[in-house]
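Asker: Please see the structure below; I have some questions.
Number of protein chains: 2
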Amino acid sequence: MVNNFCSVPLWKCSARLSAVAMGNEKADLVITNARLINVCTREIIEDAQVAVAYGRIAMVGDCSKCIGENTKVVDAENNYLAPAFLDGHIHVESSMLSVGEYAKVTMPHGTAGIFMDPHEICNVLGLDGVKYMLEDAKRAPLKTMLTTPSCVPAVPGFEDTGATIGPEDVAETMKWDECVGLGEMMNFPGIIYSDERTHAIVGETLKAGKTVTGHYSVPETENGLNAYIAAGIRCCHESTREIDALAKMRLGMYAMFREGSAWHDLKELAPALTKRNVDSRFACLISDDTHPHTLKKYGHLDHIVKRAIEEGIDPLTAIQMVTINVAQCFSLDHELGSITPSKCADMVIISDLNECKVEKTFIDGKLVAENGKTVVEIKDYVYPAKAINTVHMAKITEDDLKVKAEGVSADVRTIEIIPEKTTTYERIVNMPIENGEIKSDVKNDLLKMAVFERHNNTGKHAFGFVKGFGIKSGALAQTVAHDAHNLSVIGTNDKDMVIAVNALIECGGGLVAVKDGKIIGKVPLPIAGLISDKSLEETDALVSSLETAWKEVGCKHPSPFMTMGIIPLACLPELRLTDRGLVDCRTFKFVDLIAESHK
Amino acid sequence: MVNNFCSVPLWKCSARLSAVAMGNEKADLVITNARLINVCTREIIEDAQVAVAYGRIAMVGDCSKCIGENTKVVDAENNYLAPAFLDGHIHVESSMLSVGEYAKVTMPHGTAGIFMDPHEICNVLGLDGVKYMLEDAKRAPLKTMLTTPSCVPAVPGFEDTGATIGPEDVAETMKWDECVGLGEMMNFPGIIYSDERTHAIVGETLKAGKTVTGHYSVPETENGLNAYIAAGIRCCHESTREIDALAKMRLGMYAMFREGSAWHDLKELAPALTKRNVDSRFACLISDDTHPHTLKKYGHLDHIVKRAIEEGIDPLTAIQMVTINVAQCFSLDHELGSITPSKCADMVIISDLNECKVEKTFIDGKLVAENGKTVVEIKDYVYPAKAINTVHMAKITEDDLKVKAEGVSADVRTIEIIPEKTTTYERIVNMPIENGEIKSDVKNDLLKMAVFERHNNTGKHAFGFVKGFGIKSGALAQTVAHDAHNLSVIGTNDKDMVIAVNALIECGGGLVAVKDGKIIGKVPLPIAGLISDKSLEETDALVSSLETAWKEVGCKHPSPFMTMGIIPLACLPELRLTDRGLVDCRTFKFVDLIAESHK
């Protein structure tokens, strides 16, 4: 595929680049004294030199002939030099940061490129939202490759969104320079049960010769997985068991080992590589979702590489998993992912390989970050008004929150969450009915949850009960609720829940915690109700104060908002709650909240 | 890149293919009881089953649900099942066979696809010749991928050809469905010294997002090789030393290990993989040139895989080198090169892995060959008249062959050949001058050679002397003379040389051996003076009788015509003879035949 993410296309500079390699012209940059991590042969080449011109690698070897008086020479001081990192699957919205700010934050961690699936904003604003994020991305050197959101809504018929994406939209985006493929095809039922429209969405991508990325999240690796891959879906980041990742690699699918903020799969998946001597070319490391706190405290792919090494993956293999393997997945390895002649000069200097400690990051041959800081200017970008005003619903009262029921008690279909995992379990629990109403049962950690449609003021909403958050008082609410991003709220009492919901309506969306009638933490996310207009530091400070708040309400989990935010995601097992109701994701059918009433 | 070489594009059948994997529709073919060679993970999967529909793999695993009453079930009888083989670089003309006949011959050896660089016919007939070969190819299921000849003439200014190819021609062919890239860029001086036209030829390919294939044949792996790869050239089959192949792989270039009829590089190159534990994904096995005798006696890629195993390369790695690695080189791995869902069902059943004994070959799910025979009908194809009448020169007399010189003796620049290698050496040899003429010196094995322009009747010709053929009497002549394919002749005496040359003019080109005034062997190659219109068996019988003939004239080499045929190839080291004169390929300058005269 043609690479539109370099400073100069190769065909415009190849003659000059060859001249630099020959020493007939001089390089812009030469890095000396490096321990080169060769991801092509999986070797360390000692005492390496690399010459760069026109933003590309001209020469790897003895570059003395390439050095002229205007050549900048950087002594790597016997540190490692590796290709800069590529994140094969990321929703930038999960960071709550604008793309420019996200770039500013991740480049010091060695990230040179991301394969961005902006399906969060697309659910709210459609392709306009996607365009805004691409505009936003242009202000930073980070290569931001678009994979067009494929599932808007995520699971059609089960939720209300601000937009829909069809095959014709996908076909249109395939013409965009920024587009390298299709975002995660979460509608795996549509694929495996041969829904024509779902296959047409994939088909428009295949016709364009671009890459279809996947999302196959069920623990079934036989007919279903085969049927899914047979559609031409090339990668998947939804493995949670060693056998899932192994089955995918064996079936020629790139298994993207995920280590995100709210789901940590590496421990389970690493044995797919470490327990046996398999070719690892089909394995990648990706983040998927990264909360601002994770970015600030742990970093990005550098952290994930470190984690992979901790889990026993060979360091060079781990580096391949964030460089050449990702580039090959997207058929961009002729331009990205290795330090070899002609490629974009995207490189990192690493001082400690096992810790994956990044000292300097170069993109297109330019130093963009060092010592943990971005050193290039990132200009401002202001999102258009349409992107700022996206919470379209009327304020609610306590009446809107009543879960009405008849009888003495009811066997209720409750959702049990697992902290740091995407999966939920359905648990049928007998709950009392008081005054014709089922209420949160704090003692048994059974909390009421409501999801309100917030895009088109339809008034649609639905209720559920969730177990596992451990909240003792108050309420949490957010407009980040995958993937439809309707307004969701969990609480111990209706009063606090109302305050939480209405606070978000007022501020244009975000996250909020309420206790005893007071807002005790709030992260405004004015851009689409998903993204902050502030820096990482400011956003993280707000999130930190929210963390204090969620501890104050009694929750002990590391990221309750992330876990809560995917309860409406009706393409993950087992039981989910959208604005339309409870969805059994094993059968893809709506189910009643009450399994059985007892008179 | 979009694959135009399948029976049904994936986007037209993906929904149906998924249905087959789910068992909701039935497969056309299921292979059971196979030891699957998984080239993705480099493993053998025991007791595997594979379901096929629409010419593609639907399912790998327990395929019982996919079997219906119309499903053909093939029991692999615990034999190996591997992806069918891809030859990443081949000039079909070297087989002297039409493409249809070549397909018929190679499919029983497991070949499913070839990346064909038809630069021989292109030198004679231009893009018309290329089109004829593509038409010819259509009559067989073998996937014939075109890489557009990049160097016609091979080294501009040093030879006369029947056509020239420029950047605009390359741009035109990039629009063709059959075209996947650019053929071997032999003009490495043009690349490394930044010739704009040469880079433009590469550039038109890069712009189209297709693959540029290479030819870097000098033993220099520093600035020159870097400068060459910096131009975006992705693979090269011209390594002759372990270090060449290793340097290329380290620089992100696919090193294509060659084992052709006239040059056997595997023994020298295999240690690049066997001596160290490097990632082998950048290594391929290719044939480049295959004489009919080799095809008949040894086979094609099956033989090369066997040879690789003999040289110590792990059998699964060797299979990867003719399947997934080749597909990745051409960015076609999403469609070809592995037995995984969605891919074209190109498969081989192998009974003995170390011998690489192919029992059955399937292409697009159809059995095309078994027990050494092609079992599908290959229709006839008749090349147009323009392709048949291509020897445009007047008959010669003995006067045309005199190498005039003054003095008693001369220090002559002679060409020493190395049997089975592409390299030649320049040897300055003192030769006597008799009656103002230098003649062949049979005793010292110094034979006169002449090359005559044969495309446009210009009368151009040049002389040299060659050492190493060991011919004792008679003459050999051919119109197969890389890459300009002018008419070349070697002989011990002028009389036999004249007979040989004129015989070829009469029959429209081919190969001929003459002794004592009589034609003792002749292979007519009426198509472009390069290709037979006969079957492999008939062509090989003619070549065999020619072999008897060349032994009769005293030559003991396995393929003297192949070796002779590349003496005019002025992009290989060291000394070469074209119709314009002797070329020093170290300096790329014409040099005089006589280095110094002695009075």
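Chains as they are written, first to last, in our numbering: chain G, 63 to 661; chain R, 63 to 661. Built from N, CA and C at the ideal position, the CB exists for glycine as well. Since this is a predicted model, take the numbers as computed values, not measurements.
Mapping the DSSP letters down to three states, classify Ile629/R as helix, strand or coil.
Answerer: Coil, per DSSP.
Asker: Locate the beta strand (DSSP E) running through Thr471/R, then write down its first and last residues.
Answerer: In the sequence on display, residue 471/R carries Ser and not Thr. Its beta strand (DSSP E) spans residues 471 to 479.
Asker: At a CB-CB cut-off below 8 Å, which residues of chain G make contact with Cys102/R?
Answerer: The contacting residues are Met311, Arg312, Leu313, Gly314, Asp341, Arg343, Phe344.
Asker: In chain G, which residues lie with their C-beta within 8 Å of the C-beta of His396/R?
Answerer: Simply Thr273, Gly294, Arg296, Ser393.
Asker: To the nearest angstrom, how far is the alpha carbon of Leu72/R from that of Tyr116/R?
Answerer: Distance between the alpha carbons of Leu72/R and Tyr116/R is about 9 Å.
Asker: So that I know if they touch, is there some Cβ in chain G lying closer than 8 Å to that of Thr484/R?
Answerer: Thr484/R does not count as touching chain G.
Asker: By the 9 Å beta-carbon criterion, what residues does the stretch 237 to 256 of chain G contribute toward chain R?
Answerer: If the cut-off is 9 Å between Cβ atoms, the stretch 237 to 256 of chain G has Ile253, Ile254, Tyr255, Ser256 near chain R.
Asker: Going along the stretch 117 to 140 of chain R in order, which residues come within less than 7 Å of chain G, judged by CB to CB distance?
Answerer: Of all residues in the stretch 117 to 140 of chain R, Ala120, Met121, Val122, Gly123, Asp124, Lys127 have a Cβ within less than 7 Å of some Cβ in chain G.
Asker: Is there a Cβ of chain G sitting closer than 8 Å to that of Pro333/R, yes or no?
Answerer: It does not: the Cβ of Pro333/R has no partner Cβ on chain G nearer than 8 Å.
Asker: Would you check if there are 3 or more beta carbon pairs closer than 8 Å linking the stretch 86 to 101 of chain R to the stretch 394 to 411 of chain R?
Answerer: Verdict: yes, contact present.
Asker: Exposed or buried, what is Gly243/R when buried is set at 16 or more other beta-carbons lying within 10 Å of its beta-carbon?
Answerer: Buried.
Asker: With a threshold of 16 other CB atoms inside 10 Å of the CB of Asp442/G, please say whether the residue is buried or exposed.
Answerer: Exposed, because fewer than 16 other Cβ atoms sit within 10 Å of the Cβ of Asp442/G.
Asker: At 3 residues or longer, and completely inside the stretch 197 to 260 of chain R: list those beta strand (DSSP E) runs for me, N to C.
Answerer: The qualifying runs are 205 to 210, 241 to 247.
Asker: Looking at the structure shown, is Pro586/G part of a helix, part of a strand, or coil, going by DSSP?
Answerer: It is a strand residue.
Asker: Gly219/G: which of His547/G, Lys651/G, Met247/G sits nearest, CA to CA?
Answerer: It is Lys651/G.
Asker: Starting from Tyr316/G, follow its DSSP beta bridges and name the residues at the other end.
Answerer: According to DSSP, which records beta bridges pairwise, Tyr316/G is partnered with Cys297/G.
Asker: Distance cutoff 8 Å, beta carbons only. Does Ser279/R sit that close to anything in chain G?
Answerer: Taking Cβ atoms only, chain G never reaches closer than 8 Å to Ser279/R, which makes this a no.
Asker: Glu266/G to Ser393/G, Cα distance in whole Å?
Answerer: Cα to Cα, Glu266/G sits roughly 17 Å from Ser393/G.
Asker: Do the CB positions of Ile477/R and Ile629/R come within less than 8 Å of each other?
Answerer: Yes, these two residues count as a Cβ contact at 8 Å.
Asker: Sort out for me which residues DSSP pairs Asn492/R with in a bridge.
Answerer: In the DSSP output, where bridge partners are listed per residue, Asn492/R has Asp473/R.
Asker: Output the residue ranges of the beta strand (DSSP E) runs that lie fully inside the stretch 101 to 172 of chain G and measure 3 residues or longer, sorted by chain position.
Answerer: With a minimum length of 3 residues, the continuous beta strand (DSSP E) runs that stay inside the stretch 101 to 172 of chain G are 105 to 115, 118 to 122, 134 to 137, 142 to 145, 147 to 152.
Asker: Is the beta carbon of Asp503/R sitting closer than 8 Å to the one on Met493/R?
Answerer: Taking 8 Å as the Cβ cut-off, Asp503/R and Met493/R qualify as a contacting pair.
Asker: How would you list, in chain order, the residues of chain R whose beta-carbon sits under 8 Å from the beta-carbon of Glu284/G?
Answerer: Going along chain R in sequence order, the residues near Glu284/G (Cβ under 8 Å) are Gly123, Asp124.
Asker: How is Thr554/G classed by DSSP in three states: helix, strand or coil?
Answerer: It is coil, neither helix nor strand.
Asker: Please report the distance separating the alpha-carbon of Pro377/R from that of Leu268/G.
Answerer: Between Pro377/R and Leu268/G, the C-alpha separation is close to 33 Å.
Asker: If distances are taken between C-alpha atoms only, which option among Tyr142/G, Lys74/G, Gly123/G, Asn100/G comes closest to Glu421/G?
Answerer: Answer by Cα proximity: Tyr142/G.
Asker: Is Asp198/R closer than 8 Å to Ser160/R when the C-beta atoms are compared?
Answerer: Cβ atoms of Ser160/R and Asp198/R: closer than 8 Å.
Asker: Are any of the Cβ atoms in chain R nearer than 8 Å to that of Asn66/G?
Answerer: Not one chain R Cβ lies under 8 Å of Asn66/G.
Asker: What residues from chain R crowd round Leu634/G, counting only those whose CB sits closer than 9 Å?
Answerer: Ordered by position in chain R, no residue passes the 9 Å Cβ test against Leu634/G, which lies about 20 Å from the chain.
Asker: Kindly indicate which three-state DSSP category Ser502/R falls into: helix, strand or coil?
Answerer: DSSP places Ser502/R in coil when its eight states are reduced to three.
Asker: Excluding the five sequence neighbours on either side, which residues of its own chain have a C-beta within less than 6 Å of the C-beta of Gly571/R, listed in chain order?
Answerer: Hits under 6 Å: Val453, Thr541, Leu587, Gly591.
Asker: DSSP three-state label for His523/G, please.
Answerer: In this structure, His523/G counts as strand in the three-state DSSP scheme.
Asker: Once you ignore the five residues that flank Glu321/R on each side, which residues in its own chain have a CB closer than 6 Å to its CB?
Answerer: Excluding residues within five positions, the ones whose Cβ falls inside 6 Å are Leu328, Ile366, Arg369.
Asker: To the nearest angstrom, how far is it from the Cα of Leu313/R to the Cα of Met626/R?
Answerer: Rounded to the nearest angstrom, the two C-alpha atoms are 33 Å apart.
Asker: Would you verify that the beta carbon of Asn95/R is, or is not, closer than 8 Å to some beta carbon of chain G?
Answerer: Chain G, which has no Cβ nearer than 8 Å to the Cβ of Asn95/R, makes this no.
Asker: Within 8 Å (strictly less), CB to CB, does Thr423/R reach chain G?
Answerer: False, the Cβ-Cβ gap to chain G never drops below 8 Å.
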